[in-house]
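Take a look at the structure:
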């Protein structure tokens, strides 16, 4: 009788003893069972955080053509790992993708379930009927001495009237690309569960100062739904230079410089400065050139060049292969890189739109030589280009 009386307790202890504390990724059934065992052994708050970690790993840590394939790949990736190892892996994935998530912080994504999509549903929660994407920027982490140290980038899916679209229980990938001077300088990702998404935090300390042009940046945000990818770009966003990361990696010890070298450099700088005063600033020539292109005054633009690669005026102004295809130009930055005797190099970063309304941001190095009529463009080198 005593044996029968204690049988339920023995069965319970046996069942508890069989609970898995490591992932069994042999198949989806065992994978889900082991994850459930590991989850229920955790305190409530840590359960939520554990599910967030799994969702991050499934969304950004593995690849796959569909949800089932991603789940199978995740099972293989974390097979044999315990809770702490999974948290550690999720931290690494978050860091690699610049996702503002940390396993030691309170839950931030909410209730997530990597197995939810295994159950047949009539409506895909990621199929959000949106028309466009709106983005708001909120300066944050400010103090009275150094100003704002970060900006919160808040995307919202909206309808055709600009009103927020309500949705829930989704897992939409939100990505942010940051540009300055036409070059990408930072990327970050996150997950949108609903339209109350708090946003992506962009800390200025994550941006290296020597990659910033004119203390400005362009921010491009994309949100991927089941059917579409919505994008929005905000240009000319001001950056607080006091909060930027200073680049110290390339600093080298200065070698002693002889007095003769100093005198020679001073003489050369004086010569270059005198030359600039006589023929003008080469940067002004590029400013005029781009202005003429923007206003379609192609003859005036051509008169500022002596570049063999551009050929005659007919080739230069060709509407298919030349500058005749340009509809408008929006200059972001122009800077003189160097002046050496009768030659100079000027860098220009600008947004160029053709007559088919295709836009790209380009960074171009213009080579110039002096003539009796001032500086003339003799070379044209595209350093980088980015489609808009």
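Residue numbers (the working numbering): 20 to 407.
By construction, the Cβ of each residue, glycine as well, lies at the ideal position given by its N, Cα and C atoms.
- In the same chain as residue 147, and ignoring 5 residues on each side of it, the C-beta atoms closer than 8 Å to its own belong to 176, 184, 186, 189, 191, 244, 245, in chain order.
- Beta-bridge pairing by DSSP links residue 355 to 365.
- In this chain, the beta strand (DSSP E) harbouring residue 252 covers 248-257.
- DSSP links residue 206 through a beta bridge to 196.
- Note that the C-beta distance between residue 73 and residue 133 is below 8 Å.
- Three or more beta-carbon pairs drawn from the stretch 382-400 and the stretch 363-372 are found closer than 8 Å, and the two stretches are therefore classed as touching.
- In the three-state reduction of the DSSP assignment, residue 92 falls in the helix class, which pools H, G and I.
- Within the same chain, and ignoring the five residues on either side of residue 347 in sequence, the residues whose Cβ sits closer than 7 Å to its Cβ are 313, 372.
- By the 16-neighbour rule on beta-carbons within 10 angstroms, residue 174 is buried.
- Sequence-distant Cβ neighbours of residue 159 in its own chain, meaning closer than 7 Å and more than five residues away, are 167, 169, 170, 171.
- Annotated three-state conformation of residue 173 is strand, per DSSP.
- Contact check for residue 58 and residue 66: beta-carbon distance about 5 Å, within the 8 Å limit, so the pair qualifies.
- About 7 Å separates the CB atoms of residue 178 and residue 149; that is less than 8 Å, so the two are in contact.
- In the DSSP secondary-structure assignment, residue 384 is bridged to 366, 400.
- If you compare the alpha carbons of 202, 205, 193, 153 with that of residue 180, the shortest gap goes to 153.
- Under the 10 Å beta carbon count, residue 82 is surrounded by fewer than 16 other beta carbons and is classified as exposed.
- In the DSSP secondary-structure assignment, residue 237 is bridged to 198.
- A residue is called buried once 16 or more other Cβ atoms fall within 10 Å of its Cβ, and residue 53 is buried on that count.
- Measuring C-alpha to C-alpha distances from residue 362 to each of 325, 200, 352 identifies 325 as the nearest.
- Contact annotation: residue 97 and residue 76 have beta-carbon atoms nearer than 8 Å.
- Boundaries of the alpha helix (DSSP H) around residue 75: 63-75.
- The DSSP-derived three-state label of residue 151 is strand.
- Assignment of residue 108 by DSSP, reduced to helix, strand and coil, places it in the helix class.
- When secondary structure is reduced to three states using DSSP, residue 226 falls in the coil class, being assigned neither helix nor strand.
- For residue 341, the CB contacts under 7 Å within the same chain, skipping 5 residues up- and downstream, are 334, 335 in chain order.
- In this chain, the alpha helix (DSSP H) harbouring residue 313 covers 301-313.
- Close CB contacts of residue 155 within its chain, under the 6 Å cut and outside five residues either way in sequence, are with 173 (chain order).
- Sequence-distant partners of residue 247 (beyond 5 residues in either direction) whose C-beta falls short of 8 Å from its own C-beta, in its chain, are 149.
- Taking the C-beta atoms as reference points, residue 258 is found no nearer than 8 Å to residue 238.
- According to the DSSP secondary-structure assignment, residue 126 is paired through a beta bridge with no residue.
- Following the DSSP letters along the chain, one finds residue 333 inside the alpha helix (DSSP H) bounded by residues 332-335.
- Pairing residue 263 with residue 226, the inter-Cα distance amounts to about 6 Å.
- When secondary structure is reduced to three states using DSSP, residue 389 falls in the strand class.
- As the crow flies, the alpha-carbon of residue 304 is around 14 Å from that of residue 318.
- Residue range 47-59 is occupied by the alpha helix (DSSP H) that includes residue 59.
- In this structure, 379 is the residue among 221, 42, 379, 62 with its C-alpha nearest to the C-alpha of residue 404.
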